[in-house]
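Reading the sequence shown from the start, the letters are residues 1 to 272 in full-length UniProt numbering.
C-beta: ideal position from N, C-alpha, C; glycine also.
Only one structure is covered here, and it is reproduced in the block below.
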Amino acid sequence: MKVRRSERLIDMTHYLLEHPHELIPLTFFSKRYESAKSSISEDLTIAKKTFKDRGTGILETIPGASGGVVFVPVIEKKEAKEYIDALAERLSEQDRLLPGGYVYLTDLLGQPQLLRQVGRIIASKYVNEKVDAVMTVATKGVPIAQAVSYYLNAPFVIVRRDSKITEGSTVSVNYVSGSSERIEKMELSKRSLARGSRVLVVDDFMKGGGTINGMQGLIDEFDAKLVGVSVFAEANFKGKRAVTDYDSLLYVKDVDTQTKTIKVIPGNYFDD
């Protein structure tokens, strides 16, 4: 049934937002709304301008018979910085300090709206990269990786520290924990990651970087390529980190266990 333009624009916008990084032919919308391609093109021009003006994302037009439109969700740097500044204040709350200099994050990483924003911010860094998979280690990094994978329209894979019979055959690596310097093991199902995949590693908190280094080792075992590393928060680590090339949204600059104070600032994500 043919729909009015106002209804068409609302439904079209919703569809684009729900299908990021997916090529959608004009014929799809034309059949969906029983409207001429010329009308659909005019609607998409309106959506494209609105997305740009509001900082929602980029609507790319792909010419040709097999072309269409692709919605690429991004966030403007100013908006992202304001959001992370506010998060830094929340993480500086005194009661968040845990033994070992860790910061309590669980309550924040359980909030859907926060996860969506964090996923959008991290994904914005990689809109021009081909990402085949988003990798994290169980368990606290999972919701962040899931949010990032949604905005990149890429599957996410979960590395585990213990075998699960439901995973089938696995590939395992040993790594040195960056903070405790103990030998640890992690593994990934052989079916989780295709050979030659381009992988983005995401984690919730990094101290010495041993866990991320272990995931890099797994990526090598799969003959895959590391696209980048993004962490929600990093700690001030005085030793030598196992990884040096990474992005962090937040940086735990100072922790005083005696006064139980924490100072959190934006991470290197915003460095030019």
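{"query": "Cα-Cα, which of A123, D95 and Q146 is closest to G110?", "result": "Q146"}
{"query": "From M135 to K49, what does the alpha carbon distance come to, in whole angstroms?", "result": "34 Å"}
{"query": "Should the region 77-86 be called in touch with the region 37-44, which here means at least 3 C-beta pairs below 8 Å?", "result": "no"}
{"query": "So who's on the other strand from K225, going by DSSP bridges?", "result": "R198"}
{"query": "Determine the contact status of A138 and I158, defining contact as a CB-CB distance below 8 Å.", "result": "yes"}
{"query": "Identify whether T27 lies in helix, strand or coil by the three-state DSSP scheme.", "result": "helix"}
{"query": "Using 10 angstroms around the beta-carbon of A224, count the other beta-carbons present and answer buried if the total reaches 16, otherwise exposed.", "result": "buried"}
{"query": "Taking the alpha carbon of F71 as the point to measure from, which residue in V148, K2, K185 and H19 has its own alpha carbon closest?", "result": "H19"}
{"query": "When DSSP labels each residue in this structure, what does K130 get in the three-state scheme?", "result": "coil"}
{"query": "If you draw a straight line from the C-alpha of E167 to the C-alpha of S189, how long is it?", "result": "6 Å"}
{"query": "Give the range of the alpha helix (DSSP H) segment to which E34 is assigned.", "result": "Neither: E34 is in no alpha helix (DSSP H) and is coded neither H nor E."}
{"query": "Taking C-alpha atoms, which residue in V243, Y33 and T45 lies nearest to Y175?", "result": "V243"}
{"query": "Could you have a look at I262 and say whether DSSP puts it in helix, strand or coil?", "result": "strand"}
{"query": "So T13 is in the alpha helix (DSSP H); what residue range does that whole segment cover?", "result": "R5 to E18"}
{"query": "May I ask you to list the residues that DSSP assigns as paired with N174?", "result": "K185"}
{"query": "Could you give the first and the last residue of the continuous alpha helix (DSSP H) run that contains L114?", "result": "P112 to S124"}
{"query": "Among the residues of its own chain, which have a CB less than 8 Å from the CB of R195, if the five just before and after it don't count?", "result": "F222, D223 and A224"}
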